[in-house]
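Peer 1: Got a structure for you, questions after.
Numbering (full-length UniProt numbering), first residue to last: 1 to 368.
Shown next, in the form of structure tokens:
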């Protein structure tokens, strides 16, 4: 599981989490997704406006096609791909623009040090491992971590799943060679199969439809878990107590789990019972890497409330290390959508990296 978090203006050196985010407060927070292989000191990363990407340039969901696009599959039948994308454009959005705006507000709190961001999920989702149990287990782990962090930090924890759309995988090489046989690399279940044979490795546009449907199903179940009583604080606290009893590492967390349980008992005695909405529901958000640009374009919608473009495949998107070139197609696409955004990279690379124009998407919105 990949886990990330936000701390105010600095990169945390805690060994418990493998990634960290840092931001400076702006009207629209954009987050740097930082890998710190040898964390030794606390480092502040400046946000720098992009000088060669003008926010006043015209933008449309297809603008990225005029830029160099990396990490995209080569489909043997472009016409079939076009038909699939047209179908996706006609489908309902997976998330709604208002939800993404709500997340933006929560992340602004994190940028000010008033909240803590916890992100987790699989490196890549798959079709064959798609099940209610797997979705539930990931959700449950994030809730368990969230309640401990909330108690320890005494601030709200924003729970962001790396799920309901995290299929595509960036590859170092376009092809894979085994026993003298050269085939296209496996790029994720929404593009091709992982079995090493020609039929499996040919990019298939129909997989995008299945990825959409699985994302919708995943988010539907997550919404039910988040609002249907499964996420009640007392239930999550009991899970942590059970972990302490049945896990070999449990002894290390016995006292903490008991203190959390005592705090919930005090709240119940004060009248904040399990029937209170704050105690039995939770906000939960989704995110994935913005990699397959034709799919992301097909999922982009104009918000009827604000007139802004949102990529409605997820609440938050990020651009990866292999696709964050300022003059590249992925940055061009993301500069026009109003979702909360992230950039992934190694710390020393990001320390000199020019980030997105802080208000680029809003500027484009207001010019429409």
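We put the beta carbon where it would ideally sit given N, CA and C, even for glycine.
Go to residue 345, then tell me how far its beta strand (DSSP E) extends in each direction, as first and last residue.
Peer 2: Its beta strand (DSSP E) spans residues 341 to 346.
Peer 1: Provide the residue span of the beta strand (DSSP E) that contains residue 128, from first to last.
Peer 2: Here residue 128 belongs to no beta strand (DSSP E), and DSSP marks it neither H nor E.
Peer 1: Determine the burial state of residue 133: buried for a count of at least 16 other Cβ atoms within 10 Å of its Cβ, exposed for fewer.
Peer 2: Label assigned to residue 133: exposed.
Peer 1: Quick check: the Cα distance between residue 95 and residue 284, rounded to an integer number of angstroms?
Peer 2: Distance between the alpha carbons of residue 95 and residue 284: 12 angstroms.
Peer 1: Which residue marks the beginning of the beta strand (DSSP E) containing residue 175, and which one marks its end?
Peer 2: Element bounds for residue 175: 175 to 178.
Peer 1: Measure from the alpha carbon of residue 126 to the alpha carbon of each residue in 106, 104 and 207, then state which is nearest.
Peer 2: Residue 207 is the option with its Cα nearest to residue 126.
Peer 1: For the ligand HEM, is there any heavy atom lying closer than 7 angstroms to the beta carbon of residue 304?
Peer 2: Ligands displayed in this structure: none; no statement on the ligand HEM is therefore possible.
Peer 1: Use the C-beta contact count for residue 82: other C-beta atoms within 10 angstroms, 16 or more gives buried, fewer gives exposed.
Peer 2: Residue 82 comes out exposed.
Peer 1: So, does the stretch 96 to 114 touch the stretch 298 to 310, judging by three or more C-beta pairs under 8 angstroms?
Peer 2: Output reads yes: the stretch 298 to 310 touches the stretch 96 to 114.
Peer 1: Check the C-beta distance from residue 160 over to residue 118 and give it rounded, since I have them as a contact under 8 angstroms.
Peer 2: Contact holds; Cβ gap of about 7 angstroms.
Peer 1: In or out: residue 49 buried (at least 16 other Cβ within 10 Å) or exposed?
Peer 2: Its pLDDT being 36, under 50, residue 49 is placed unreliably by the model, and the measurement read from it follows with that caveat. It counts as exposed.
Peer 1: Suppose you measure from the CA of residue 72 to the CA of residue 292; what does that come to, to the nearest Å?
Peer 2: Roughly 6 angstroms separates the two Cα atoms.
Peer 1: Report the start-end ranges of each beta strand (DSSP E) in the stretch 62 to 143 that is 3 residues or longer and not cut off at the edges.
Peer 2: Listed in chain order, they are 116 to 120.
Peer 1: Please classify residue 287: does DSSP put it in a helix, a strand, or coil?
Peer 2: Looking at residue 287 - three-state DSSP - the assignment turns out to be strand.
Peer 1: Counting pairs of beta carbons, one from the stretch 320 to 335 and one from the stretch 61 to 68, are three or more of them closer than 8 angstroms?
Peer 2: Segments in contact, yes.
Peer 1: Given this structure, state the Cα-to-Cα distance separating residue 183 from residue 325, to the nearest angstrom.
Peer 2: One C-alpha to the other measures close to 27 angstroms.
Peer 1: When DSSP builds the beta bridges, which residues end up paired with residue 310?
Peer 2: Its beta-bridge partners are 301.
Peer 1: Expressed to the nearest angstrom, what Euclidean distance is found between the alpha-carbon atoms of residue 304 and residue 316?
Peer 2: Answer to the nearest angstrom: the Cα atoms are 19 angstroms apart.
Peer 1: Apart from the five residues just before and just after residue 296, which ones in its own chain have a Cβ nearer than 8 angstroms to its Cβ?
Peer 2: For residue 296, where only same-chain residues beyond five positions count, the Cβ hits under 8 angstroms are 290, 311, 313, 317 and 333.
Peer 1: Since residue 217 is in the beta strand (DSSP E), which residue starts that stretch and which ends it?
Peer 2: Not the beta strand (DSSP E): residue 217 falls in the alpha helix (DSSP H), residues 206 to 227.
Peer 1: Does the beta-carbon distance from residue 218 to residue 168 come in below 8 angstroms?
Peer 2: Their beta carbons are not under 8 angstroms apart, which means residue 218 does not touch residue 168 by this criterion.
Peer 1: Please determine, among 194, 258, 176 and 166, the residue with the shortest C-alpha to C-alpha distance to residue 320.
Peer 2: For residue 320, the nearest C-alpha among the options comes from 166.
Peer 1: Determine, using beta carbons only, whether residue 120 and residue 141 come nearer to each other than 8 angstroms.
Peer 2: In this structure, residue 141 lies closer than 8 angstroms to residue 120 by Cβ.
Peer 1: With distances taken Cα to Cα, identify the nearest neighbour of residue 158 among 110, 185, 204 and 170.
Peer 2: Ranking 110, 185, 204 and 170 by Cα distance to residue 158 puts 110 first.
Peer 1: Assuming residue 202 and residue 76 make a contact with CB atoms under 8 angstroms, what is their CB distance in whole Å?
Peer 2: With a Cβ gap of about 6 angstroms, residue 202 and residue 76 count as contacting.
Peer 1: Could you give the DSSP three-state label for residue 199: helix, strand or coil?
Peer 2: In the structure shown, residue 199 sits in a helix (DSSP, three-state: H, G or I).
Peer 1: Give me the Cβ distance between residue 116 and residue 155, rounded to the nearest whole Å; I'm assuming they're in contact under 8 angstroms.
Peer 2: With a Cβ gap of about 6 angstroms, residue 116 and residue 155 count as contacting.
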